[in-house]
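>
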Amino acid sequence: MVVERSGKPPFKRTFVQSRTVDVAQFETSAQCEDVKTVTLRGKPPFKRSTECVRVVDVAQFEVGSEQPTTDFSGKPPFKRH
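Every number in my numbering is 879 more than the matching position in the sequence shown, counting from 1.
1. Compare the C-alpha of Leu919 against each of Lys887, Ser928, Asp913 and name the closest.
2. What does a CB cutoff of less than 6 Å around Arg884 pick up in its chain, not counting 5 residues either side in sequence?
3. Less than 9 Å separating the beta-carbons of Val914 and Val932?
4. Between which two residues does the beta strand (DSSP E) containing Asp913 stretch?
Here it is as structure tokens:
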């Protein structure tokens, strides 16, 4: 959910589809990770709940290869005027 916070309330909320990326690594573990969820239905106070999600169900994202960066220090390779 994306919230547009420009202007005065009520702020506009929209749901945006995000790209799926490959999962870098899954590790098997018996641990649980507490995830807090908020149900935004109806008027406040909104329903808040804490769920224990197994670590196997939680994905970890890692960047595989880094792109080379350009050094912008010094003079440009062209004349500006």
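Idealized CB from N, CA, C, for every residue including glycine. Remember, predicted model here, so these are calculated numbers, not experimental data.
With the structure as the only source:
1. Here the closest residue by C-alpha is Ser928.
2. Phe890
3. yes
4. Annotation: the continuous beta strand (DSSP E) that includes Asp913 extends over 911-918.
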